[in-house]
Amino acid sequence: MATIQPIAGENEQHPDVALVERVRGGDVAAYDTLVRKYERQIFRIAQHITQNREDAEDVMQDAFLKAYEKLEQFQGNSKFYTWLVRIAVNESLMRLRKRRTGRMVSIDEDVETEEGSVPRDLADWAPDPEQNYTQSELAEILRKTIQGLPQGFRVVFVLRDVEGLSTEETAETLGLSVPAVKSRLLRARLQLRERLTRYFRQKKGSKETGVEK
Amino acid sequence: MTCTEFLAQLDDLIDDAVTSKMRADLQEHLRGCEHCEVTLSTTRKTIQIYRSNEIYDLPSDLRERLHAAIMARCKKGC
């Protein structure tokens, strides 16, 4: 099946490969570069999974330290970023487990819902709906909306659509099959769309003044 | 094509992973189905809005502090 990958050709060496080699050779400054490059993404992923700022900070630190320790085990057959994300996802799930002592936490939690698998609210959105909110109001809407998704959908959406992993990489990272990732992605997208419609729908006869252009 | 069949292809259409034949069939369906047109455009917008807005910001002072802590541990050999 033909898929379009938004990344450079397979034969080109990813710049991370050279950095990883330098770290392996004892160059700690090269690791500094890798940390700076990916710390925001790792923090975001940890926030999305743990839903807790302190935990996300801890996960970010632990994930980078663990990656540094285990760098010898990193094999160039996956991207460094994908490998790092997998460590961060596992650290995040471990952190959740600690919070909910005794309760198992898995990526499969709460995915049995049928909600949102068929679009119900078919109202169109206002042309630039985000302009009706301040940046912080918008961030709050987006946070609340995505937090309401089942964990197993949220993580797939975040890795695939926000952080730019391919379907295959997302599957590998989460230990899911490609069809499972695809099915969750569709439902995550549709549920988010449905929930955002509550805020962004086009209001009849409410062409506000002062917001054009 | 029914709306259910359209929906089954929605992700591949958004991700630009459909054949040209399938794309033509999907476009044909869209011409006569406002519901699917809205579903497509608002789903695209949903993805774009999450991609372009930082909802879990890492303030630069915190970022520097965490960064320094990571590098200090690494320099000690973790």
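In order, the protein sequences belong to chains E and H.
Heads up, the first sequence is in my numbering, so the first residue is 7 and it goes up one at a time.
Heads up, the second sequence is in my numbering, so the first residue is 92 and it goes up one at a time.
Ideal Cβ placement from N, Cα and C applies to all residues, glycine included.
No experiment lies behind these values; they were computed from the predicted model shown.
Relative to the Cα of E:Y87, the nearest Cα in the group E:E45, E:R30 and E:Q67 belongs to E:E45. If you keep only unbroken alpha helix (DSSP H) runs of at least 4 residues inside the region 21-60 of chain E, you get 21-30 and 34-56. Residue pairing from DSSP places E:R207 in a beta bridge opposite E:W131.
Contact between E:I48 and E:L90 holds: CB atoms are separated by about 7 Å, below the 8 Å threshold. For the pair E:H20 and E:K76, the CB atoms are not nearer than the 9 Å cut-off. The region 146-155 of chain H makes contact with the region 49-56 of chain E; the number of CB pairs closer than 8 Å reaches 3 or more. The C-beta of H:E119 comes no closer than 9 Å to any C-beta of chain E. Annotation: Cβ neighbours of H:D102 in chain E (cutoff 8 Å, chain order): K188, L191, L192 and R195.
About 15 Å separates the beta carbon of E:D134 from that of E:T203, a gap too long to meet the 8 Å contact definition.
Taking a 10 Å sphere around the C-beta of E:V124, we find fewer than 16 other C-beta atoms and assign the residue as exposed. Not one beta carbon of chain E lies nearer than 9 Å to the beta carbon of H:T93. Apart from the 5 residues on each side of it in sequence, E:D64 sits with its Cβ closer than 7 Å to the Cβ of R101 in its chain, given in chain order. In terms of beta-carbon proximity, E:Q19 stays away from the interface with chain H, with every pair separated by 9 Å or more. Note that the region 123-136 of chain H does not touch the region 169-187 of chain E; fewer than 3 beta-carbon pairs, one per stretch, sit closer than 8 Å. Listed along the chain, the chain E residues whose CB falls inside 8 Å of the CB of H:K166 are V34. When H:Q100, H:T133 and H:L153 are compared, the shortest CA-CA separation from H:Q118 is found for H:Q100. Under the Cβ distance rule, H:D148 counts among the residues neighbouring chain E, one pair being separated by less than 9 Å. Under the DSSP assignment, E:G158 falls in the alpha helix (DSSP H) whose first and last residues are Q157 to F163. E:S172 sits buried, since 16 or more C-beta atoms from the chains shown fall within 10 Å of its C-beta.
Taking a cut-off of 8 Å on C-beta distances, the region 190-202 of chain E touches the region 163-182 of chain E, as three or more cross pairs fall below it.
DSSP places E:S84 in the coil class of the three-state scheme, outside both helix and strand. Per the C-alpha coordinates, the member of H:L98, H:E96 and H:T134 positioned closest to E:D167 is H:T134.
With distances taken between CA atoms, E:Q208 lies nearest to E:D130 out of E:I147, E:T140, E:D130 and E:E175. Interface criterion met: the Cβ of H:A160 is under 9 Å from a Cβ in chain E.
One Cα belongs to E:L155, the other to E:A145, and the distance between them is close to 16 Å.
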